[in-house]
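In the numbering used here, the protein residues as written are 201 to 544.
We put the CB at the ideal spot given by N, CA and C, even for glycine.
What you are looking at is a predicted structure, and each value in this text was computed from that prediction instead of being measured.
Accompanying notes for the structure given below.
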């Protein structure tokens, strides 16, 4: 029997300790979206917590976003708790020290000269209504391409859905190439055949999505575009419903990850007023299925050597591609993981 939507069997179950064990580092190297642009207003400080770090975001006088470490080096106050933006710098709520978007101290009351200290931060790139930061041992050598649907008048304002689970971001990404779950969770008649195409830090997967939704038979193209470990764009196109899903998966700490989904429904040609109806139908059907997946993720363990059926090729292919986002020197457990992933 297929998994029934709305089941809550696992909610109160105790967690197996192995559900928190992963052989790979918690933060693969790459770009991650930490905010929508609209959430960072000029003159405001926003507190964040990702990658096991307390962070703040604010805009300088030029409007450019900065994401810096949250604690003042002077005496340790959290700059996002009572801090404010003054002349494009964030001011500490405790003693009034200020730090610019580059992290450098710009002012310290009663100091004979500005202290030569700074707060750490992450490279920032903003486009498509999103604020991306880069995590890695060196500066970024590639960027996330712009996502045209996010600013197109041909698409309705997005359905914005955020959830967190006790799972590694790699396993969140593996979900899109898990052929069999499309039948069991999403109601496809059979597992789709996917064409996975890696290209450096980018990858694509192409297939079709066939199922019945609220009495409609859906037969859509299904095109997936991956931009490093944390950003994925899924374009679903068909005669009844076409949409673009922007999947943003970001590590919170070494046990927990966040998934933010932005669903952009294309306005029907000549009938743009139908877009709200399509959004409601999509929300009613799809978001419940996402919650099922999150509930399962929250309790599953990581299988270094999953027992895969002959048609289940996607997970192995994705793990082989995803390995590039980890340090070349890895623990023995990770080596075993990658050996298993690349075994023929």
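{"Check": "Suppose you measure from the CA of residue 448 to the CA of residue 526; what does that come to, to the nearest Å?", "Outcome": "19 Å"}
{"Check": "Residues in the same chain with beta-carbon distance under 6 Å from residue 403, minus the five sequence neighbours each way, listed in chain order, please.", "Outcome": "426, 521"}
{"Check": "Could you pull out every residue in the same chain whose Cβ sits closer than 7 Å to the Cβ of residue 290, ignoring the five residues on either side in sequence?", "Outcome": "245, 256, 258, 279, 283, 298, 299"}
{"Check": "Apart from the five residues just before and just after residue 155, which ones in its own chain have a Cβ nearer than 7 Å to its Cβ?", "Outcome": "Outside the displayed range of the chain (201 to 544) lies residue 155, so it cannot be described from this structure."}
{"Check": "Kindly indicate the opening and closing residues of the alpha helix (DSSP H) around residue 517.", "Outcome": "514–522"}
{"Check": "What is the rounded straight-line gap between the Cα of residue 494 and the Cα of residue 475?", "Outcome": "27 Å"}
{"Check": "Sort 496, 406, 384 by Cα distance to residue 368 and report the nearest one.", "Outcome": "496"}
{"Check": "Looking at the unbroken beta strand (DSSP E) that takes in residue 284, where does it start and where does it end?", "Outcome": "284–286"}
{"Check": "To the nearest angstrom, report how far apart residue 270 and residue 443 are at their CA atoms.", "Outcome": "37 Å"}
{"Check": "In terms of alpha-carbon separation, which member of 294, 366, 513, 328 lies closest to residue 350?", "Outcome": "328"}
{"Check": "Run through the DSSP bridge pairs and tell me what residue 247 is partnered with.", "Outcome": "256"}
{"Check": "Residues in the same chain with beta-carbon distance under 7 Å from residue 303, minus the five sequence neighbours each way, listed in chain order, please.", "Outcome": "268, 318, 319, 320, 321"}
{"Check": "From the DSSP output, which residues share a beta bridge with residue 235?", "Outcome": "331"}
{"Check": "Using only the alpha-carbon positions, how far apart do residue 482 and residue 473 sit?", "Outcome": "15 Å"}
{"Check": "Check this for me: beta carbons of residue 457 and residue 364, under 8 Å apart or not?", "Outcome": "yes"}
{"Check": "On the criterion of 16 or more Cβ atoms from any shown chain inside 10 Å, does residue 362 qualify as buried, or is it exposed?", "Outcome": "exposed"}
{"Check": "Where do the N-terminal and C-terminal ends of the alpha helix (DSSP H) with residue 474 fall, by residue?", "Outcome": "It is not in any alpha helix (DSSP H) - residue 474 carries neither H nor E in the DSSP assignment."}
{"Check": "If you draw a straight line from the alpha carbon of residue 406 to that of residue 435, how long is it in whole angstroms?", "Outcome": "10 Å"}
{"Check": "When DSSP builds the beta bridges, which residues end up paired with residue 458?", "Outcome": "364, 450"}
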